[in-house]
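What follows is one structure encoded as structure tokens, with my remarks underneath.
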Amino acid sequence: MDMGNDQGSLPLTRTELRCLRRCAEGRTDQEIGAELELTATEVAAVLSVVMLKLRVPNRMAGLAKAARLGYLRHDQA
26 MDMGNDQGSL
36 PLTRTELRCL
46 RRCAEGRTDQ
56 EIGAELELTA
66 TEVAAVLSVV
76 MLKLRVPNRM
86 AGLAKAARLG
96 YLRHDQA
């Protein structure tokens, strides 16, 4: 899914979006992993890739940028 290209950010995969949206809801890596059938370590790795793709230093900045880009809208796949 390509939601646009703000300042060089790369498109996110479905799994990346699912993890990101659950992170935005305040869920822990363990909670996200249980729901998506991933380990907490895998969730952390997925979210690290998301932050790299969004070109931000941490999750807080990532969530803010993801919101600006429309990635957190639930009407998106």
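The sequence shown maps to residues 26 to 102 in the numbering used here. Quick reminder that beta carbons are idealized off the backbone N, C-alpha and C, glycines included. Predicted model, so just to flag it, every value in this text is computed and none were measured.
Where do the ends of the alpha helix (DSSP H) carrying residue i lie?
i: Gly58; result: Asp54 to Leu61
i: Thr40; result: Arg39 to Ala49
i: Leu88; result: Arg84 to Leu94
i: Thr66; result: Ala65 to Leu79
Cα-Cα, which of the options is closest to residue i?
i: Leu35; options: Ala70, Cys44, Val75 and Leu63; result: Val75
Using 10 angstroms around the beta-carbon of residue i, count the other beta-carbons present and answer buried if the total reaches 16, otherwise exposed.
i: Ala91; result: buried
i: Gly95; result: exposed
i: Asp27; result: Confidence at Asp27 is low in this model, with a pLDDT of 42, below 50, so its placement is unreliable and no value can be given for it.
i: Leu77; result: exposed
Notebook entry, point to check: Taking three-plus beta-carbon pairs below 8 angstroms as touching, is the region 85–97 in contact with the region 43–54?
Noted result: With a cut-off of 8 angstroms on Cβ pairs, the region 85–97 is in contact with the region 43–54, counting three or more such pairs.
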